[in-house]
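First comes the structure, then the notes that go with it.
Residue numbers (our numbering): 16 to 182.
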């Protein structure tokens, strides 16, 4: 099932050009990646596997060039701090319309990089890749009832990179 993804940056605000119902003025993104890794070692002294320190990657997204682009560049160039960047993924919810099923809320955000690319051979507009560094992340997953289309919270997590804790 296809899903739509939107980015909202606040404090100071950066608006996008989405016209999707309920997501007006957000930044539409068409692909993203980010994650975490925790190197492990096998030790006979500890009796098995031991974890190291988690490494959380930046949030990387691809989007069309639009009105947020210049402000994202400016934020990167000046080292601007943003209070939050919220990524919301939505999928069809039956009669209820689009429903959010996965939300990432990043806090203490900076634009780490912005790169443009394009082709004059038929693309609507240039695309850009942005990377957002952050100090804290909260993740919410909402499961969907396949018959009714309604959603309910099914999983949450949080990590504060600066304090190395889940608070």
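Built from N, CA and C at the ideal position, the CB exists for glycine as well.
Just so it is clear, the structure is predicted and the values come from calculations on it, not from any experiment.
If residue i and residue j are in contact, beta carbons under 8 Å, what's the gap, nearest whole angstrom?
{"i": "residue 145", "j": "residue 79", "result": "That belief does not hold up - the Cβ atoms of residue 145 and residue 79 are roughly 12 Å apart, past 8 Å."}
{"i": "residue 147", "j": "residue 127", "result": "6 Å"}
{"i": "residue 25", "j": "residue 99", "result": "5 Å"}
{"i": "residue 101", "j": "residue 82", "result": "So it is not a contact: roughly 18 Å between Cβ atoms."}
Label residue i either buried or exposed according to how many other C-beta atoms from any shown protein chain fall within 10 Å of its C-beta, with 16 as the threshold for buried.
{"i": "residue 87", "result": "buried"}
{"i": "residue 43", "result": "buried"}
{"i": "residue 143", "result": "buried"}
{"i": "residue 180", "result": "exposed"}
{"i": "residue 90", "result": "buried"}
{"i": "residue 31", "result": "buried"}
For the candidate residues the options, whose alpha-carbon lies nearest to that of residue i?
{"i": "residue 175", "options": "104, 37, 51, 113", "result": "51"}
{"i": "residue 37", "options": "45, 30, 114, 71", "result": "114"}
{"i": "residue 105", "options": "29, 166, 32", "result": "166"}
{"i": "residue 72", "options": "20, 154, 49, 180", "result": "49"}
{"i": "residue 117", "options": "177, 154, 182", "result": "154"}
{"i": "residue 182", "options": "169, 95, 151, 162", "result": "151"}
{"i": "residue 45", "options": "178, 75, 162, 149", "result": "75"}
{"i": "residue 35", "options": "91, 141, 85, 103", "result": "103"}
{"i": "residue 124", "options": "20, 158, 107, 29", "result": "29"}
{"i": "residue 178", "options": "171, 19, 68", "result": "68"}
{"i": "residue 162", "options": "135, 107, 141", "result": "107"}
Just checking, does the segment 49 to 59 make contact with the segment 127 to 142 on the three C-beta pairs under 8 Å criterion?
-> Output reads no: the segment 127 to 142 does not touch the segment 49 to 59.
Run through the segment 79 to 160 for me and flag every whole beta strand (DSSP E) of 3 or more residues, listed as ranges in chain order.
-> As far as the segment 79 to 160 is concerned, its whole beta strand (DSSP E) runs of at least 3 residues are 96 to 107, 113 to 132, 142 to 148, 151 to 159.
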